[in-house]
Amino acid sequence: MKEQIPYFGDMMYSSTKLPPIDLNSVHPPLPATKLPMIHTALRRKIGSLCPVSDEIFHTLNRDFKPLNLSVNQLLFSAEQIPDRIFFIQKGLLRGYYMGEKEPVTTWFAGADQFIIPNNFFSQEPCNEYIQSLEDCSLLSISHHSCLKMALESNDIAKIFFKLLEEKQLLSDGRERMLRIPNAEKRYLSMIKLMPALHKNVKDDILASYMNVTRRHLERIKIKTSRK
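Those letters in the sequence shown? Residues 1 to 227, by the UniProt record's numbering.
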């Protein structure tokens, strides 16, 4: 005998209990969507360069990936082709090249600053070493993502132009400091602009940045500490 299918009304008012339905067996659950973390320091920094909408920022933000460095870790060597831009959330890094006798430090970068390695956009060897001086927490974005977004959005392209301007100012900082003929005034000017350096950076690194010997720097430190 053919089984009779009950009407909906019979199902509603019948005392017979119907077997439970496993919804997961009917339609499997949708995979959870992982939303990108909102990096507030990054948002604040980009907003200080040029005003952008939340939509533009979210487009940029989603491609930044976290990266942690331990102290004295090399981020790039001079022979490498740089493939990422970095935003420093915490820590201190330096750029340097190999001089005739010892490394020569050309810049420092700390929290809330970007690092655009030399020749990033031309994709040629970096020609400098980038090293962490402290444990660092960074965000990085790839060369491919940068170019793709810059081509798709004039607002994002403008952000990268502003970052290049900031990189030029960072690079010019040492040159301006070296124009000060008196080494003591040079030192005072440096620690006024970057107060953490004389506490957190080794003397030989600071001396190479100032273009003085380590012994000369030690004498300057002793003299200025007495004032």
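The beta carbon of each residue, even a glycine, is placed where N, CA and C say it ideally should be.
Would you kindly check if the distance between the Cβ of Met-149 and the Cβ of residue 273 is under 8 Å?
Since the displayed the chain opens at 1 and closes at 227, residue 273 lies outside it and no answer follows.
Are Pro-125 and Glu-79 closer than 8 Å when you measure CB to CB?
Position 125 of the sequence shown holds residue 125. Position 79 of the sequence shown holds residue 79. Yes, Cβ-Cβ distance for Pro-125 and Glu-79 is below 8 Å.
Option in Leu-206, Leu-188, Pro-82 with minimal Cα separation from Glu-102:
Here residue 102 is taken as the residue at index 102 of the sequence shown, counted from 1. Closest by alpha carbon: Leu-206.
Residues near Arg-174 by beta carbon distance below 6 Å, same chain, minus five either side:
Locating residue 174 in the sequence shown gives position 174, counting from the first residue. Same-chain partners within the cutoff: Thr-106.
Are there 16 or more other CB atoms within 10 angstroms of the CB of Gln-131, so buried, or fewer, so exposed?
What you label residue 131 is simply residue 131 of the sequence shown in a count that begins at 1. So Gln-131 ends up on the buried side.
Within the same chain, show all residues whose beta-carbon is closer than 7 Å to that of Lys-162, passing over the 5 residues directly before and after it, in chain order.
Translated into the one-based positions of the sequence shown, residue 162 becomes position 162. Hits under 7 Å: Leu-49, Cys-50.
For Ser-140 versus Lys-90, is the C-beta distance shorter than 8 Å?
Stepping through the sequence shown from its first residue, residue 140 is reached at position 140. Stepping through the sequence shown from its first residue, residue 90 is reached at position 90. It is not a contact, given that the beta carbons lie outside the stated cut-off.
Top-ranked residue by Cα proximity to Glu-152, from Arg-214, Leu-197, Ile-56, Phe-121
Taking the sequence shown and counting its residues from 1, the one referred to as residue 152 is at position 152. Of Arg-214, Leu-197, Ile-56, Phe-121, the residue nearest in Cα terms is Ile-56.
From what residue to what residue does the alpha helix (DSSP H) around Gly-173 run?
Numbered from its first residue, the sequence shown carries residue 173 at position 173. Taken as a continuous stretch (DSSP letters only), the alpha helix (DSSP H) holding Gly-173 covers 154–178.
Limits of the alpha helix (DSSP H) - the one that Asn-61 falls within
Walking along the sequence shown from the start, residue 61 turns up at place 61. Where Asn-61 is concerned, the enclosing alpha helix (DSSP H) stretches over 54–61.
If you measure between the beta carbons of Asp-83 and His-143, is that distance less than 8 Å?
Position 83 of the sequence shown, counted from the start, is the residue given in the question as residue 83. Position 143 of the sequence shown, counted from the start, is the residue given in the question as residue 143. In this structure, the beta-carbon distance from Asp-83 to His-143 falls below 8 Å.
Report all residues from its chain with a CB closer than 6 Å to the CB of Cys-136; omit the five preceding and five following residues, and keep chain order.
To locate residue 136, count along the sequence shown from 1; it is residue 136. Counting only Cβ-Cβ distances below 6 Å, and skipping sequence neighbours, we find Leu-69, Gly-91.
Excluding five sequence neighbours on each side, which residues of the same chain lie with their C-beta closer than 8 Å to the C-beta of Ile-81?
In the sequence shown, the residue the question calls residue 81 occupies position 81. So the list reads Asn-119, Gln-123, Glu-124, Pro-125, Cys-126, once near-sequence residues are dropped.
Taking only three categories from DSSP, how would you classify Arg-214?
Translated into positions along the sequence shown, residue 214 becomes position 214. Reduced to three states, the DSSP call for Arg-214 is helix.
Alpha carbon to alpha carbon, what distance is there between Arg-215 and Arg-43?
On the sequence shown, residue 43 is found 43 positions in, with the first residue counted as 1. On the sequence shown, residue 215 is found 215 positions in, with the first residue counted as 1. Taking the straight line from one Cα to the other gives about 43 Å.
Using only the alpha-carbon positions, how far apart do Tyr-97 and Leu-170 sit?
By one-based count along the sequence shown, residue 97 stands at place 97. By one-based count along the sequence shown, residue 170 stands at place 170. Each residue's alpha carbon lies about 16 Å from the other.
Go through its chain and collect everything with a Cβ distance to Glu-218's Cβ below 7 Å, but skip five positions before and after it.
By one-based count along the sequence shown, residue 218 stands at place 218. These residues qualify, in order along the chain: Asp-203.
Taking Cβ positions, are Arg-94 and Leu-133 nearer each other than 8 Å?
Stepping through the sequence shown from its first residue, residue 94 is reached at position 94. Stepping through the sequence shown from its first residue, residue 133 is reached at position 133. Contact: yes.
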